[in-house]
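S.K.: First residue of the sequence shown: 12, per the numbering used here; consecutive thereafter.
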Amino acid sequence: MTDTTARVHELNLYRQYFDLVAAGTKTIEVRVKYPHLADLAAGDVIRFRIKGTDETCEVKVKRVTGYPDFESLLDGEGSANVNPTATREQQLTNIRAIYPHEKEILGAVAIEIVRINR
Numbered sequence: 012m013t014d015t016t017a018r019v020h021e022l023n024l025y026r027q028y029f030d031l032v033a034a035g036t037k038t039i040e041v042r043v044k045y046p047h048l049a050d051l052a053a054g055d056v057i058r059f060r061i062k063g064t065d066e067t068c069e070v071k072v073k074r075v076t077g078y079p080d081f082e083s084l085l086d087g088e089g090s091a092n093v094n095p096t097a098t099r100e101q102q103l104t105n106i107r108a109i110y111p112h113e114k115e116i117l118g119a120v121a122i123e124i125v126r127i128n129r
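Shown next, in the form of structure tokens:
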């Protein structure tokens with residue numbers, strides 16, 4: 012018998028991105044390569060929460076890929092997978108507003124996700 016219990020990670024998400032994940036149209040989540048995400052792996056579950064609310068959305072991690080910066084990530088993953096409602100340049104501006112340069116130099120992580128129902 013195999014262990015089918017997935018590890019669950021809880022991460023906050025802004026409403027605009029939460030809605031895209033919940034709809035299943037955002038398939039790549041972008042994060043800085045923080046140490047607490049180092050063990051994130053395919054098969055894990057992420058429970059996204061809108062900060063300050065009880066509203067959650069769960070996704071299964073399909074793949075985790077590291078990049079040196081956000082531009083490389085958007086080019087490698089396709090900006091429409093990160094946010095189908097914004098251009099590549101708008102996304103780069105929005106991501107850098109969330110994560111300033113001193114965070115981006117840590118590296119970027121693309122997390123391929125699929126919405127799950129629980």
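Think of the CB as a built atom: it goes at the ideal place given N, C-alpha and C, for glycine as much as any other residue.
1. Starting from Glu10 and walking both ways along the alpha helix (DSSP H), at which residues does that stretch end?
2. In chain order, which continuous runs of the beta strand (DSSP E) of length 3 or greater are located wholly inside the region 27 to 81?
3. Determine the DSSP secondary structure at Ala119, reduced to helix, strand or coil.
4. Would DSSP call Met12 helix, strand or coil?
5. Give the straight-line distance between the Cα atoms of Pro148 and Glu88, rounded to the nearest whole angstrom.
6. Quick one, are the C-beta atoms of Leu121 and Leu84 less than 7 Å apart?
7. With a Cβ-Cβ cutoff of 7 Å, do Val19 and Arg60 count as a contact?
8. Please report the distance separating the alpha-carbon of Val125 from that of Leu103.
9. With the cut-off set at 7 Å, would you say Gly118 and Lys44 are in Cβ contact?
M.R.: With the given structure in hand:
1. A query on residue 10 cannot be resolved here, the shown segment of the chain reaching from 12 to 129 and no further.
2. 39 to 43, 56 to 60 and 67 to 78
3. For the purposes of this step, residue 119 is taken as residue 108 along the sequence shown, with counting starting at 1. It is a strand residue.
4. Mapped onto the sequence shown, residue 12 falls at position 1. Confidence in Met12 is poor, its pLDDT being 47 and thus under 50, which makes the residue's placement unreliable; the coordinate value appears in the next sentence. It is coil, neither helix nor strand.
5. No information on residue 148 is available, as it lies outside the stretch 12 to 129 that the chain covers here.
6. Residue mapping note: residue 121 aligns to position 110 of the sequence shown, counting from 1. Residue mapping note: residue 84 aligns to position 73 of the sequence shown, counting from 1. The sequence as given places Ala at residue 121; Leu does not occur at that position. A contact, by the Cβ cut-off of 7 Å.
7. Here residue 19 refers to the residue found at position 8 when the sequence shown is read from its first residue. Here residue 60 refers to the residue found at position 49 when the sequence shown is read from its first residue. In this structure, Arg60 does not lie closer than 7 Å to Val19 by Cβ.
8. Stepping through the sequence shown from its first residue, residue 125 is reached at position 114. Stepping through the sequence shown from its first residue, residue 103 is reached at position 92. So the alpha carbons of these two residues sit roughly 23 Å apart.
9. Taking the sequence shown and counting its residues from 1, the one referred to as residue 118 is at position 107. Taking the sequence shown and counting its residues from 1, the one referred to as residue 44 is at position 33. Inclusion of Gly118 and Lys44 in the CB contact set at 7 Å is warranted, their separation being smaller than that value.
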